[in-house]
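Numbering (our numbering), first residue to last: -17 to 26.
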C-alpha cells in the first residue's frame, strides 16, 4: 500500500485497541488492526 499526501501527516497502524491524546485534547479511540491518518499542521 502507498499513501501520498501534500500535507504533513502521521500514519498509525494499531495492533491492539489504543487511546491517543494529542496536545492535551480529547483522546481518540483507535481500534485494533486499523489504520489512522492524522494531519499535523507542522507541529511534528
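All C-beta atoms, glycine included, are put in the ideal place defined by N, C-alpha and C.
Local conformation of residue -4 per DSSP, three classes:
Residue state, collapsed to three classes: coil.
When DSSP builds the beta bridges, which residues end up paired with residue 18?
Looking at the DSSP assignment, residue 18 forms a beta bridge with -6.
Simplified DSSP state of residue 13, which is helix, strand or coil:
Residue 13 carries a coil assignment under DSSP once its states are collapsed to helix, strand and coil.
Below 8 Å between beta carbons: does that hold for residue 18 and residue -6?
A contact, by the Cβ cut-off of 8 Å.
Can you tell me the Cα-Cα spacing of residue 26 and residue -1, whole angstroms?
Residue placement at residue 26 is flagged as unreliable, the pLDDT there being 45, under the threshold of 50; the coordinate-derived value follows with that caveat. Approximately 23 Å between the Cα atoms of the pair.
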